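Asks:
Residue numbers (my numbering): 9 to 158.
1) Along the chain, where does the alpha helix (DSSP H) containing residue 58 start, and where does it finish?
2) Within the same chain, show all residues whose beta-carbon is closer than 6 Å to that of residue 146, passing over the 5 residues directly before and after it, in chain order.
3) Would you mind reading off the limits of the beta strand (DSSP E) that contains residue 152?
4) Using alpha carbons as the reference points, say which of 90, 75, 89 lies closest to residue 83.
5) In the DSSP assignment, find the unbroken beta strand (DSSP E) run with residue 90 in it and report its ends.
6) Under the assumption that residue 164 contacts residue 77 (Cβ atoms under 8 Å), give the Cβ distance between them as a whole number of angstroms.
7) With three or more beta-carbon pairs closer than 8 Å as the criterion, would you say the segment 63-75 touches the segment 104-113?
8) Check whether the Cβ atoms of residue 92 and residue 132 lie closer than 7 Å to each other.
9) Beta carbon of residue 71, beta carbon of residue 85: below 7 Å?
10) Near residue 154, which residues of its chain fall below 6 Å by C-beta distance, leaving aside the five closest residues on each side in sequence?
11) Determine the DSSP secondary structure at residue 11, reduced to helix, strand or coil.
12) So, at 7 Å on beta carbons, what are the nonlocal neighbours of residue 107 in its own chain, with the 5 sequence-adjacent residues on each side left out?
13) Quick one, are the C-beta atoms of residue 59 and residue 88 less than 7 Å apart?
14) Can you list, in chain order, the residues of its chain with a C-beta nearer than 7 Å to that of residue 90? Leave out the 5 residues immediately preceding and following it.
15) Are there 16 or more other CB atoms within 10 angstroms of the CB of residue 55, so buried, or fewer, so exposed?
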């Protein structure tokens, strides 16, 4: 069995939800909240349009485990997965390895065979070396993520 942080929760975006456009302030914020004055609004941003490129090919997965914390994916975060994107080396991908879903960075060994890299500098997680004996498929490319604090 491969030691991976399994993905067990899949969610689909609401395809026909009413569009909402929220203010995107032009001022950059290091800490605090921007002035709510309307003249500082650069534009209005629909979170769905920002996060989703192909509505019919996009879904969300809930992150489990700590193998991807160095790229900002924490347990409980929702990763946005787009099945229409072609995965390239360096992309964060949702892959199925021997029937288990995992999120990792796509890489290749010198001989061209794929490997999946964790993003956790503690050394607690090892790369997944894909072999011919393994069942392996890339299900989509992570295009973003979001989390709730409260």
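Virtual Cβ for every residue (Gly too), placed ideally from N, Cα, C. All values derive from a computational prediction rather than experimental measurement.
Replies: To lay it out plainly:
1) 55-59
2) 95, 101, 103
3) 144-154
4) 75
5) First-last of the beta strand (DSSP E) with residue 90: 86-90.
6) One cannot answer for residue 164 here, as it falls past the ends of the chain, which runs 9 to 158.
7) yes
8) no
9) yes
10) 86
11) Interpretation of residue 11 is limited by its pLDDT of 47, a score under 50 that renders its predicted location unreliable; the figure taken from the coordinates is listed afterwards. It is coil, neither helix nor strand.
12) Answer for residue 107: 143, listed in chain order.
13) yes
14) 61, 62, 65, 66, 148, 149, 151
15) exposed
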